[in-house]
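K.L.:
In terms of full-length UniProt numbering, the sequence shown opens at residue 1 and continues consecutively. Every residue gets a Cβ at the ideal spot worked out from N, C-alpha and C, and that includes glycine. None of the values given here were measured: they were computed from a predicted structure.
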Amino acid sequence: MKQIEIRLALVFYGGVSLAIYMHGVSREILNLVKASSCRGLRDPLAAETDAAGTRLSPSTRAYIALLQAYDPDINVRVVVDAIAGASAGGVNGVMLARAIAHDLPLDAHRGLWLENADVTRLAQPQDGLTRILKSGMSPVLDRMITSGLKAQIDSPETREKLRLLTQSRWFTPPFSGERYIGWMLDACREMDREFRPGATLVPNGQTLELFVTLTDYFGRSQRIRIDEPAYIEEREHRRILKFACHHRTPGVLDSQLSPAHAPGNVFAARATSSFPGAFPPATIGEMDRVLAARGEGWDTRMAFLGGILGGTEEDLLRRSFVDGSVVMNKPFGPVITAIGERPATREVARRLVYVDPVPNGGDRNRLPDGDSVPGFFRVILSSLAHIPRNEPIGDDLRSIEARNRRARRLAEVIADTDPMVEREVGRILPDGRDAPLTIEELTQCRTAANEAAHRQAGYAYLGYQTLKLQALAERIAGLLVALAARGGVLLREDDVLEALRLHLREAARTDGTPSGAGGQGRGSAGPRPERIIAFLKQLDVDYRVRRLRFVVRKLNSFYQSRTHEIAIQKPDDLDALKRELYEQIDRLQSCWSADTYPAPVAEAAAGLAVHGDHIDAELLAGLLDQVSRHMGLLAQDRLQDDVFAVMTYTYLVPALRQELTRAYVGFAFYDLVTLPVFQRSDFSEVNETLVDRISPRDASSLLEDGFVLKGSALNTFGAFFNRSWREHDYLWGRLTAADRLVAIVRSSIQARRLGDAEIRSLRRRLFLAILEEERPFLTADPQLIPAVEALIEARLGGEAGAA
Numbered sequence: 001m002k003q004i005e006i007r008l009a010l011v012f013y014g015g016v017s018l019a020i021y022m023h024g025v026s027r028e029i030l031n032l033v034k035a036s037s038c039r040g041l042r043d044p045l046a047a048e049t050d051a052a053g054t055r056l057s058p059s060t061r062a063y064i065a066l067l068q069a070y071d072p073d074i075n076v077r078v079v080v081d082a083i084a085g086a087s088a089g090g091v092n093g094v095m096l097a098r099a100i101a102h103d104l105p106l107d108a109h110r111g112l113w114l115e116n117a118d119v120t121r122l123a124q125p126q127d128g129l130t131r132i133l134k135s136g137m138s139p140v141l142d143r144m145i146t147s148g149l150k151a152q153i154d155s156p157e158t159r160e161k162l163r164l165l166t167q168s169r170w171f172t173p174p175f176s177g178e179r180y181i182g183w184m185l186d187a188c189r190e191m192d193r194e195f196r197p198g199a200t201l202v203p204n205g206q207t208l209e210l211f212v213t214l215t216d217y218f219g220r221s222q223r224i225r226i227d228e229p230a231y232i233e234e235r236e237h238r239r240i241l242k243f244a245c246h247h248r249t250p251g252v253l254d255s256q257l258s259p260a261h262a263p264g265n266v267f268a269a270r271a272t273s274s275f276p277g278a279f280p281p282a283t284i285g286e287m288d289r290v291l292a293a294r295g296e297g298w299d300t301r302m303a304f305l306g307g308i309l310g311g312t313e314e315d316l317l318r319r320s321f322v323d324g325s326v327v328m329n330k331p332f333g334p335v336i337t338a339i340g341e342r343p344a345t346r347e348v349a350r351r352l353v354y355v356d357p358v359p360n361g362g363d364r365n366r367l368p369d370g371d372s373v374p375g376f377f378r379v380i381l382s383s384l385a386h387i388p389r390n391e392p393i394g395d396d397l398r399s400i401e402a403r404n405r406r407a408r409r410l411a412e413v414i415a416d417t418d419p420m421v422e423r424e425v426g427r428i429l430p431d432g433r434d435a436p437l438t439i440e441e442l443t444q445c446r447t448a449a450n451e452a453a454h455r456q457a458g459y460a461y462l463g464y465q466t467l468k469l470q471a472l473a474e475r476i477a478g479l480l481v482a483l484a485a486r487g488g489v490l491l492r493e494d495d496v497l498e499a500l501r502l503h504l505r506e507a508a509r510t511d512g513t514p515s516g517a518g519g520q521g522r523g524s525a526g527p528r529p530e531r532i533i534a535f536l537k538q539l540d541v542d543y544r545v546r547r548l549r550f551v552v553r554k555l556n557s558f559y560q561s562r563t564h565e566i567a568i569q570k571p572d573d574l575d576a577l578k579r580e581l582y583e584q585i586d587r588l589q590s591c592w593s594a595d596t597y598p599a600p601v602a603e604a605a606a607g608l609a610v611h612g613d614h615i616d617a618e619l620l621a622g623l624l625d626q627v628s629r630h631m632g633l634l635a636q637d638r639l640q641d642d643v644f645a646v647m648t649y650t651y652l653v654p655a656l657r658q659e660l661t662r663a664y665v666g667f668a669f670y671d672l673v674t675l676p677v678f679q680r681s682d683f684s685e686v687n688e689t690l691v692d693r694i695s696p697r698d699a700s701s702l703l704e705d706g707f708v709l710k711g712s713a714l715n716t717f718g719a720f721f722n723r724s725w726r727e728h729d730y731l732w733g734r735l736t737a738a739d740r741l742v743a744i745v746r747s748s749i750q751a752r753r754l755g756d757a758e759i760r761s762l763r764r765r766l767f768l769a770i771l772e773e774e775r776p777f778l779t780a781d782p783q784l785i786p787a788v789e790a791l792i793e794a795r796l797g798g799e800a801g802a803a
């Protein structure tokens with residue numbers, strides 16, 4: 001059976017009360033991922049519960065039916081690699097990431113959103129004489145607000161809540177940040193009732209990353225090197241918090257999204273959605289007060305401050321954070337970087353899906369009729385809020401297309417290089433042997449291939465080595481800065497990098513001896529100092545990662561092959577071999593994590609600051625020795641040779657084993673060609689990424705032209721003023737997401753296309769399942785469910801229903 005992974009990277013835009021729509025979208029994404037994980041059940045179509053005994057919702061079973069429709073030809077797995085969110089999208093990104101990381105439900109959040117996301121719950125009305133005096137002005141203010149925003153509000157509920165809002169204290173934020181924190185802590189607690197150690201929807205060996213944007217009001221000073229003066233100081237206000245859940249081995253999770261990390265997750269959600277003027281700025285002190293008042297602890301507080309928020313406790317207690325959409329409302333950048341480094345254990349279809357509640361920014365800033373000029377307040381509001389929140393995404397989408405072009409070029413470069421490498425590696429590997437290489441033979445062949453590749457490169461080797469050294473120096477500088485931060489000292493990365501460059505120049509100047517076993521030979525280009533070679537051998541983690549990922553890339557091609565060898569090869573064995581290789585990659589990548597090093601190494605890194613901006617060369621050399629001993633890369637080389645020799649013999653038929661061995665042994669030849677061309681220190685799996693949107697305009701199966709969210713009124717605060725509006729936006733968030741996800745699954749599976757009638761039937765079942773789940777809860781507008789039900793029957797009934 002062919003196996004396909006649909007890998008999703010998600011971007012949630014900001015939008016204040018449009019968070020309620022995005023919650024509906026999140027529910028559907030979680031349901032699809034959950035359904036995908038249930039495919040291993042004996043009879044998932046008939047199953048009422050998952051493997052843990054939790055009852056499956058009707059919509060989850062409908063998604064199982066969708067995925068099951070591709071059997072027996074194709075087994076489909078849907079995986080979320082990365083999530084990024086800003087403002088309201090950041091709140092939903094946090095909760096969705098927690099749910100996926102630990103297989104937690106979002107069902108209880110329905111009530112929390114519909115009941116608590118209301119101005120009467122969030123606002124802090126002013127008491128006493130001031131409130132009485134203001135109440136007489138409420139009708140006037142009501143008219144001013146609605147007419148100024150060109151939103152004629154007919155709902156009595158909405159008008160009454162607008163009047164209540166005007167009675168809040170003026171010139172202070174009307175919404176309570178502490179109430180908001182309490183609400184989100186309650187939401188996490190409801191999720192965590194279902195927490196089971198080891199349970200997750202992240203596949204074994206994979207990582208889910210969450211990125212949340214914040215605006216640091218005071219900013220952080222950054223030193224940037226220029227010509228004259230030598231440095232300038234800039235203030236950086238953008239912060240991108242990163243949380244991760246790594247499924248290391250079955251049932252073993254390294255997670256920053258677990259219940260123990262809930263306060264840090266909630267702080268990120270509170271800070272990213274701190275809309276200027278509506279909420280007060282978020283502070284660590286505010287978070288501490290709320291937790292103290294609730295009698296709750298924060299055991300991971302210092303890890304959050306130092307490792308995720310990035311700073312000392314003394315510094316961060318003085319800082320204030322406001323809405324992340326001020327600096328980045330459409331956070332494509334972090335996920336574009338993340339998906340370039342995601343491993344996959346099967347054939348992959350990569351999708352970047354962004355959730356845009358108000359596509360095209362509405363008509364707020366359309367060209368006026370005649371010669372009218374925007375008014376005073378409109379210009380200020382648009383300049384401070386609307387325009388920054390609607391920055392174009394064209395540059396991000398073009399970068400994805402450029403990455404896709406690089407993927408195609410890389411495939412061409414490798415294909416052109418294959419004949420030469422096969423010829424050279426053929427001279428190194430033992431002749432006429434079908435038996436697998438022993439571990440010692442594999443090590444000898446790999447070493448001989450490295451020497452041959454470097455010798456034959458001639459003068460090109462100098463540029464290749466320089467590029468490797470520069471990339472390695474940057475990686476080590478980042479590691480040493482992180483280690484020093486563990487030791488309570490903030491080093492400047494530029495200072496460390498400059499010290500490393502001096503260290504390498506000194507090594508090259510003082511040791512010009514030709515290399516022995518691994519170095520200069522006839523036809524080589526100039527001296528290759530032993531100390532430089534030792535530096536690379538002992539610290540170049542990324543070369544080893546590139547080598548293993550190159551092997552995985554070759555292994556991926558076996559899934560698509562139609563040769564006799566793959567016909568008798570079991571796909572499950574290919575998956576098992578890839579998992580083994582990714583365990584080795586994970587072991588290598590952990591070398592770049594400061595948390596994996598013992599305390600003495602962190603203390604030694606902190607000691608680099610004893611001379612101020614000047615870093616002592618002897619201290620640096622001693623620290624590098626400690627780091628290299630902890631990495632133990634030479635021992636890891638031996639282990640990887642062992643794993644490769646044993647596992648390829650165990651899992652691969654002879655012809656495929658030989659082909660994969662040629663790729664492993666001959667990687668040095670490929671690296672000499674690909675690294676200078678693409679200048680990436682990490683040879684990640686290169687797959688093209690397609691982009692999809694989920695928005696109210698994309699519910700084409702039910703509404704040809706889409707619809708407008710109720711919450712987009714009142715400057716996107718509308719849903720906070722009306723329960724029926726919240727219910728409308730939430731339900732249609734689920735429906736539009738379901739519609740788009742069915743389309744994404746269908747277009748991702750090219751090997752088999754379901755017929756239109758079958759897709760209509762699956763969509764109808766899914767939509768009706770959503771209505772079945774929501775009918776008891778969405779009661780503010782008695783016509784909402786019946787109207788949607790009638791629409792489903794009109795658009796998808798008849799022959800589709802019979803099918």
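Would the beta-carbon of residue 17 fall within 8 Å of that of residue 718?
P.N.:
Yes, the pair counts as a contact, with Cβ atoms nearer than the cut-off.
K.L.:
For residue 231, which residues does DSSP report across the bridge?
P.N.:
For residue 231, which the question treats as bridged, DSSP gives the partners 225.
K.L.:
Rounded C-beta distance between residue 588 and residue 541? I'm assuming under 8 Å.
P.N.:
Rounded, the Cβ-Cβ distance is 5 Å, consistent with contact.
K.L.:
What are the complete alpha helix (DSSP H) segments, minimum 4 residues, inside the segment 93-117?
P.N.:
Counting whole runs of 4 or more residues, the segment 93-117 contains the alpha helix (DSSP H) stretches 109-116.
K.L.:
Tell me, please, which residues DSSP counts as bridged to residue 669.
P.N.:
Note: residue 669 sits in no beta bridge, so no partner.
K.L.:
Can we say the segment 106-117 touches the segment 223-234, given the rule of at least three CB pairs closer than 8 Å?
P.N.:
Touching, no, given that fewer than three Cβ pairs across the two stretches are closer than 8 Å.
K.L.:
With the cut-off set at 8 Å, would you say residue 633 and residue 464 are in Cβ contact?
P.N.:
For residue 633 and residue 464, no; Cβs fall outside 8 Å.
K.L.:
Hey, would you say residue 665 sits closer than 8 Å to residue 445, going by beta carbons?
P.N.:
Yes.
K.L.:
Between which two residues does the alpha helix (DSSP H) holding residue 773 run?
P.N.:
Unbroken alpha helix (DSSP H) run through residue 773: 756-774.
K.L.:
Would you kindly check if the distance between the Cβ of residue 357 and the Cβ of residue 709 is under 8 Å?
P.N.:
The answer is yes: Cβ separation under 8 Å.
K.L.:
Please name the residue in 453, 498, 454 and 794 whose C-alpha comes closest to that of residue 474.
P.N.:
Closest by alpha carbon: 498.
K.L.:
Does residue 535 come out as helix, strand or coil in the three-state DSSP assignment?
P.N.:
Helix.
K.L.:
Just list the residues that DSSP pairs residue 548 with in beta bridges.
P.N.:
Residue 548 pairs with nothing; no bridge assigned.
K.L.:
Taking just the CA atoms, how far does residue 428 sit from residue 436?
P.N.:
Cα to Cα, the separation comes out at about 14 Å.
K.L.:
Quick one, which of 190, 415 and 571 has its alpha-carbon nearest residue 74's?
P.N.:
Checking every option, the nearest Cα to that of residue 74 belongs to 571.
K.L.:
How big is the Cα-Cα spacing for residue 113 and residue 20?
P.N.:
Roughly 7 Å between the two C-alpha positions.
K.L.:
Taking the beta carbon of residue 266 as the centre, do at least 16 other beta carbons fall within 10 Å, making it buried, or is it exposed?
P.N.:
With 16 or more Cβ atoms within 10 Å of its Cβ, residue 266 is classed as buried.
K.L.:
If distances are taken between C-alpha atoms only, which option among 557, 430, 780 and 206 comes closest to residue 255?
P.N.:
Measuring from the Cα of residue 255, the nearest candidate turns out to be 206.
K.L.:
Between residue 476 and the rest of its own chain, which residues show a CB-CB distance below 7 Å, the 5 nearest in sequence each way excluded?
P.N.:
These residues qualify, in order along the chain: 500 and 539.
K.L.:
Following the continuous alpha helix (DSSP H) through residue 581, name the residue where it begins and the one where it ends.
P.N.:
Element bounds for residue 581: 571-589.
K.L.:
Kindly list the residues whose CB is nearer than 7 Å to the CB of residue 738, restricted to its own chain and excluding five residues on each side of it in sequence; keep chain order.
P.N.:
Same-chain partners within the cutoff: 28, 766, 767 and 770.
K.L.:
Assign residue 451 to one of three DSSP states: helix, strand, or coil.
P.N.:
Correct three-state label for residue 451: helix.
K.L.:
Can you tell me whether residue 694 is helix, strand or coil according to DSSP?
P.N.:
Three-state DSSP puts residue 694 in a strand.
K.L.:
Per DSSP, what kind of secondary structure is residue 627 in: helix, strand or coil?
P.N.:
Helix, per DSSP.
K.L.:
Which of the three DSSP states is assigned to residue 701 in this structure?
P.N.:
Of the three classes helix, strand and coil, the one that applies to residue 701 here is coil, per DSSP.
K.L.:
If you measure between the beta carbons of residue 491 and residue 479, is that distance less than 8 Å?
P.N.:
No.
K.L.:
What number of angstroms, rounded off, separates the C-alpha of residue 65 from the C-alpha of residue 245?
P.N.:
Going by the C-alpha atoms only, they are around 29 Å apart.
K.L.:
Tell me, which residues are paired with residue 426 by DSSP?
P.N.:
None; residue 426 has no bridge partner.
K.L.:
What are the uninterrupted segments assigned as alpha helix (DSSP H) that are 4 or more residues long and contained completely in the segment 302-364, given in chain order?
P.N.:
Runs found: 313-316 and 332-339.
K.L.:
Looking at residue 678 and residue 696, is the spacing between their C-beta atoms short of 8 Å?
P.N.:
It is not a contact, given that the beta carbons lie outside the stated cut-off.
K.L.:
Assign residue 644 to one of three DSSP states: helix, strand, or coil.
P.N.:
If DSSP states are grouped into helix, strand and coil, residue 644 belongs with the helices.
K.L.:
In angstroms, rounded to a whole number, what distance separates the CA positions of residue 705 and residue 174?
P.N.:
Roughly 36 Å separates the two Cα atoms.
K.L.:
Going by other Cβ atoms of all chains shown within 10 Å of its Cβ, with 16 needed for buried, is residue 784 buried or exposed?
P.N.:
Burial call: buried.
K.L.:
According to DSSP, simplified to helix, strand and coil, what is residue 796?
P.N.:
In the structure shown, residue 796 sits in a helix (DSSP, three-state: H, G or I).
K.L.:
Could you work out which residue in 447, 335 and 439 is closest to residue 399 when comparing CA atoms only?
P.N.:
Of 447, 335 and 439, the residue nearest in Cα terms is 335.
K.L.:
Pick helix, strand or coil for residue 744, following the three-state DSSP scheme.
P.N.:
Helix at residue 744.
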